[in-house]
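Residue numbers (our numbering), protein chains in the order written: chain A, 1 to 143; chain B, 144 to 286. Note that the Cβ used here is the ideal one computed from N, Cα and C, for glycine as well. For clarity, every value in this text was computed on a predicted model and none was experimentally measured. Notes to accompany the following structure.
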DNA sequence: ATAGAATACTACTAAATCAGTAGGAATATA
DNA sequence: TATATTCCTACTGATTTAGTAGTATTCTAT
């Protein structure tokens, strides 16, 4: 059970944009270089994030991408869902109807516990929290 | 991000064996029928569980499988790991060396939180807990 | 105007994984 | 010896993943 590269790259990319919130648009190329991600692949990932309304784009020279909302207003769960899909463990957790036994399935209760445990982590943090951690990390590095 | 069918089926199968702990060996066929799982596929899954030492087998007529240890002594994390693999979110969480940036990677901290959240669920429950829930569920049904 | 910088769009692909199916070998029981 | 069961291995179609590739579109600056 792994988080896809798509989600890992996408999260790193949007964190870059969150760190640059309020500044000039940032280009795919810049993010790709910094994060060591394939330029072309990242293009597609950012397109996904954009179509979800999390970032806006500016075309042409000096263009790039900017975060669409304040980092404090973007929960990590929202980003994760866009990139990885809604299901965190098993489909029947979100959608009882996919299995007729779901109402009294014991293992489903287990998957739901795991699901909710992850969801708690993602719901209780925003991009702003990651930005702060990034800044703190950079300070440590400088000292 | 989904838990594989392998893990879901395998967990249901071992729960059947846990419910039958102390009784006669239970055959693949019986489990497969009850859980509506392909017989042949389940054979392979139980083989995985067996090679991990969680169940023992008895060949020939009246044979089948029995849980190798008391259900209370088998943590759910052990079963999950055998079926799904060690990684719950991202490899670098268990294995820092797979990425040179892991030491100051902010997103890794996030994946680790999610990882630990799930692990907490799996570490703090044993098969015995699922057996009890199963019995309770059956009682509700009878009333 | 036009060159160039950037995003936007669409199609293709190699590799891996998943969820099985299939068939027969080995072993124990009655 | 017939039968019930596990054991072992090989194959397969479908899907997903992590890209690569090429071109079209849009905006800016000169």
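For the segment 112-124 of chain A, the residues whose beta carbon sits under 8 Å from a beta carbon of chain B are, in order, 113, 114, 117, 118, 120, 121 and 122. For residue 57 of chain A, the enclosing beta strand (DSSP E) has its first and last residue at 55-58.
Residue 30 of chain A and residue 64 of chain A have their C-alpha atoms some 9 Å from each other. Sequence-ordered contacts of the segment 211-237 of chain B with chain A read 219, 227, 228, 230, 231, 232, 233 and 234 [C-beta pairs closer than 8 Å]. At a cut-off of 9 Å between beta carbons, residue 147 of chain B contacts chain A. Below the 8 Å Cβ cutoff, chain B contributes 247 and 249 as neighbours of residue 137 of chain A, in chain order. If you look at residue 209 of chain B, you'll find it in the beta strand (DSSP E) that goes 207-210.
Within the model, the alpha-carbon separation for residue 161 of chain B versus residue 271 of chain B is close to 7 Å.
Contact between the segment 94-106 of chain A and the segment 71-83 of chain A is absent: fewer than 3 CB-CB pairs across the two stretches fall below 8 Å.
Chain A has no Cβ within less than 9 Å of the Cβ of residue 160 of chain B. By the neighbour-count criterion, in which a residue is buried when 16 or more other Cβ atoms sit within 10 angstroms of its Cβ, residue 232 of chain B is buried. Sixteen is the threshold: since fewer than 16 other Cβ atoms of the shown chains lie within 10 Å of the Cβ of residue 139 of chain A, the residue is exposed.
Chain B has a Cβ within less than 9 Å of the Cβ of residue 12 of chain A.
Under the Cβ criterion of 9 Å, residue 133 of chain A is counted among the residues facing chain B. Residues of chain B whose Cβ lies closer than 8 Å to the Cβ of residue 8 of chain A are, in chain order, 233, 250 and 254. Contact with chain A is absent for residue 197 of chain B, since none of that chain's Cβ atoms lies less than 9 Å from the residue's Cβ. For residue 98 of chain A, no alpha helix (DSSP H) run applies, since DSSP gives it neither H nor E. Assignment of residue 1 of chain A by DSSP, reduced to helix, strand and coil, places it in the coil class. Note that the C-beta distance between residue 157 of chain B and residue 197 of chain B is below 9 Å. For residue 141 of chain A, the nearest beta carbon of chain B is closer than 9 Å to its own beta carbon.
The beta carbon of residue 193 of chain B sits closer than 8 Å to the beta carbons of 199, 200 and 208 from its chain, once the five residues preceding and following it are set aside; these are given in chain order. The Cβ atoms of residue 35 of chain A and residue 12 of chain A sit closer than 9 Å to each other. The beta carbon of residue 169 of chain B does not come within 9 Å of any beta carbon belonging to chain A, so the residue lies off that interface.
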